[in-house]
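Colleague:
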Amino acid sequence: MNFNRFAIPLLAGACLLTAFTGKAWAYESCHKSKWGPNDQIGALNNITQDNILAAAKLIKKGKSMRMGIETNAKTPAFAPRTYSVTIVRPGQDYAGQTMGNTKTNYHDDILNTWVGIGTQLDGLGHIGIDNTYYNCTPGTEVTGLSGLKKFGIETVPAVATRAVLLDMTALMGKDIIPEGTAFNQPEIEAALKRQGNMKINKGDIVIFYTGWHKLLGVDDKRNGSVEPGLGVQGARYLASLGVAMIGSDTWGLEVIPFENPGQVFHVHQILLAEFGVFILENVVAEQAIKDKVYEGMITVAPHRTTGSVQAIVNPTFIY
Numbered sequence: 186m187n188f189n190r191f192a193i194p195l196l197a198g199a200c201l202l203t204a205f206t207g208k209a210w211a212y213e214s215c216h217k218s219k220w221g222p223n224d225q226i227g228a229l230n231n232i233t234q235d236n237i238l239a240a241a242k243l244i245k246k247g248k249s250m251r252m253g254i255e256t257n258a259k260t261p262a263f264a265p266r267t268y269s270v271t272i273v274r275p276g277q278d279y280a281g282q283t284m285g286n287t288k289t290n291y292h293d294d295i296l297n298t299w300v301g302i303g304t305q306l307d308g309l310g311h312i313g314i315d316n317t318y319y320n321c322t323p324g325t326e327v328t329g330l331s332g333l334k335k336f337g338i339e340t341v342p343a344v345a346t347r348a349v350l351l352d353m354t355a356l357m358g359k360d361i362i363p364e365g366t367a368f369n370q371p372e373i374e375a376a377l378k379r380q381g382n383m384k385i386n387k388g389d390i391v392i393f394y395t396g397w398h399k400l401l402g403v404d405d406k407r408n409g410s411v412e413p414g415l416g417v418q419g420a421r422y423l424a425s426l427g428v429a430m431i432g433s434d435t436w437g438l439e440v441i442p443f444e445n446p447g448q449v450f451h452v453h454q455i456l457l458a459e460f461g462v463f464i465l466e467n468v469v470a471e472q473a474i475k476d477k478v479y480e481g482m483i484t485v486a487p488h489r490t491t492g493s494v495q496a497i498v499n500p501t502f503i504y
């Protein structure tokens, strides 16, 4: 996505907001963690042994589903993010050259990529509020050119818990939910009711199914510039329930165009910087939705790359 084409209307929206109110919209930048000044994992603290044991009991069909999309040079990504891979044969410079009596040959790969591409986990160091990050942490204590000083992906524990899948396509009777459609408390509760009066529990991971992933390779320009998604009130509602992560089959989770044009990626700010709720993007639950399964066990295991802001992940849903 080319962020620059959003800049003018977004800035214009902010100026209009200032004009109507007579002052700039204020948003408190410092939000302390209830788990103490040294907390770096936010809402993942809500996942307990009981969550894991309860999630294991939801495995009824003996099926597992990978939720990650393929990641390659053609994967739509938020500009200027790019991806490339180079395959090499070290020590095998000539055609047919091998090693040893057993004629060993091998490939290696060199990955040159932005990490926020494909199916990804956004860490707590990804988004801040006026250069302040989760747990009232100043940007000077977070930013590091060779890796984050705090909130690096290496701090994320092994995650296994209950996942709740919300089929917004069935709720709204659309194969692909249109861009600009916001999911707030009324829509979330309606989806839960339609799926058998389900409840969202503390420590759960909530995944929205919107059908948006069906645009991949079909209309990448539309796919990567706008989307249906979580609204501001919906973000606060889910965070108040103690969820550990929230994800969607869209590239940026939150509704775009934004509900308020002057509040840029405000859902990200609420979840990451304010409540410490991790974000999953491009997470596809189509197989389970087709099976009409809306809860199961999910595992998320990001790479332990020290200081990384995000992680390319392939969550597994087991049901």
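186 is the number of the first residue of the sequence shown in our numbering; add one for each residue after it. Each residue gets a CB set at the ideal place from its N, CA and C atoms; glycine is no exception.
Given a cut-off of 7 Å, decide if L306 and L457 are closer than it, judged by their beta-carbon atoms.
Modeller: For L457 and L306, no; Cβs fall outside 7 Å.
Colleague: Please go through the same chain and pick out, in chain order, the residues whose beta-carbon is closer than 7 Å to the beta-carbon of R407, but skip the five residues on each side of it.
Modeller: Here the set comprises L400.
Colleague: For the putative contact between S214 and I314, defined by C-beta atoms under 8 Å, what is the C-beta separation to the nearest angstrom?
Modeller: That belief holds up - the Cβ atoms of S214 and I314 are roughly 4 Å apart, short of 8 Å.
Colleague: Rounded to whole angstroms, what is the Cα-Cα separation between M383 and R347?
Modeller: Their Cα atoms are separated by approximately 12 Å.
Colleague: Where G332 and W299 are concerned, what is the direct C-alpha to C-alpha distance, given to the nearest angstrom?
Modeller: Going from the Cα of G332 to the Cα of W299 covers about 13 Å.
Colleague: Give the single residue among E444, I390 and L296 whose Cα lies nearest to the Cα of E480.
Modeller: Answer by Cα proximity: I390.
Colleague: Taking the alpha-carbon of D224 as reference, which of E466, F460 and V349 has the nearest alpha-carbon?
Modeller: Among E466, F460 and V349, the Cα nearest to that of D224 is on F460.
Colleague: When the Cα atoms are used, what is the spatial distance from N386 to G447?
Modeller: N386 and G447: Cα-Cα distance of roughly 32 Å.
Colleague: Specify the secondary structure class of G227 as computed by DSSP and reduced to three states.
Modeller: G227: helix per DSSP, three-state reduction.
Colleague: Enumerate in chain order the residues of its own chain whose CB-to-CB distance from E326 is below 7 Å, with the five nearest sequence positions on each side excluded.
Modeller: Correct list, in chain order: K334 and K335.
Colleague: Buried or exposed, going by whether 16 or more other CB atoms sit within 10 Å of the CB of A473?
Modeller: So A473 ends up on the buried side.
Colleague: Could you check if H292 is buried or exposed, using at least 16 other CB atoms within 10 Å of its CB as the buried criterion?
Modeller: That one is exposed.
Colleague: Following the continuous alpha helix (DSSP H) through G419, name the residue where it begins and the one where it ends.
Modeller: Segment V417 to S425, the alpha helix (DSSP H) holding G419.
Colleague: Rounding to the nearest angstrom, what Cα-Cα distance links N231 and G388 in this structure?
Modeller: Taking the straight line joining both Cα atoms gives about 5 Å.
Colleague: On a Cα-Cα basis, can you pick out the residue from L350, V469, Y268 and L438 that is closest to Q454?
Modeller: Cα-wise, what sits closest to Q454 is L438.
Colleague: So A240 packs on A345, CB below 8 Å; how close in whole Å?
Modeller: The pair is a contact, with the Cβ atoms about 7 Å apart (cut-off 8 Å).
Colleague: I need the DSSP call for L400, collapsed to helix, strand or coil.
Modeller: If DSSP states are grouped into helix, strand and coil, L400 belongs with the helices.
Colleague: For the alpha helix (DSSP H) that contains Q472, what are its first and last residues?
Modeller: From DSSP, the alpha helix (DSSP H) with Q472 extends over E471 to K475.
Colleague: Could you tell me the boundaries of the alpha helix (DSSP H) in which T354 lies?
Modeller: Counting along the chain, the alpha helix (DSSP H) containing T354 begins and ends at M353 to M357.
Colleague: Which class does Q495 belong to by DSSP, given the choice of helix, strand or coil?
Modeller: Strand.
Colleague: For L238, I'd like the list of residues in its chain whose CB is within less than 6 Å of its CB, leaving aside the five on either flank, ordered along the chain.
Modeller: Within the same chain, L238 has no close Cβ partners at all.
Colleague: Name the residue from K245, V498, A420 and T435 whose alpha carbon lies nearest to the alpha carbon of T395.
Modeller: Cα-wise, what sits closest to T395 is T435.
Colleague: The alpha helix (DSSP H) with E372 in it runs from where to where?
Modeller: Taken as a continuous stretch (DSSP letters only), the alpha helix (DSSP H) holding E372 covers Q370 to R379.
Colleague: Run through DSSP, which three-state label would Q448 get?
Modeller: Residue state, collapsed to three classes: coil.
Colleague: Can you list, in chain order, the residues of its chain whose CB lies under 8 Å from that of A429, leaving out five sequence neighbours each side?
Modeller: Once the five neighbours on either side are set aside, the close Cβ partners of A429 are A228, L229, N231, I232, V344, T346, G388, D389, I390, V462 and F463.
Colleague: If contacts are defined as beta-carbon pairs under 8 Å, then T304 and I497 qualify, I think. What distance do you get, rounded to the angstrom?
Modeller: The pair is a contact, with the Cβ atoms about 7 Å apart (cut-off 8 Å).
Colleague: Taking the alpha carbon of A470 as the reference point, which residue from F450, A486 and T354 has its own alpha carbon closest?
Modeller: Checked all of F450, A486 and T354; the closest Cα to A470 is T354.
Colleague: Between N369 and A376, what straight-line distance do the alpha-carbon atoms span, to the nearest angstrom?
Modeller: One C-alpha to the other measures close to 11 Å.
Colleague: Would you mind reading off the limits of the beta strand (DSSP E) that contains D293?
Modeller: Residues D293 to T298.
Colleague: What does the alpha-carbon distance come out to for the pair H451 and I373?
Modeller: Cα to Cα, the separation comes out at about 19 Å.
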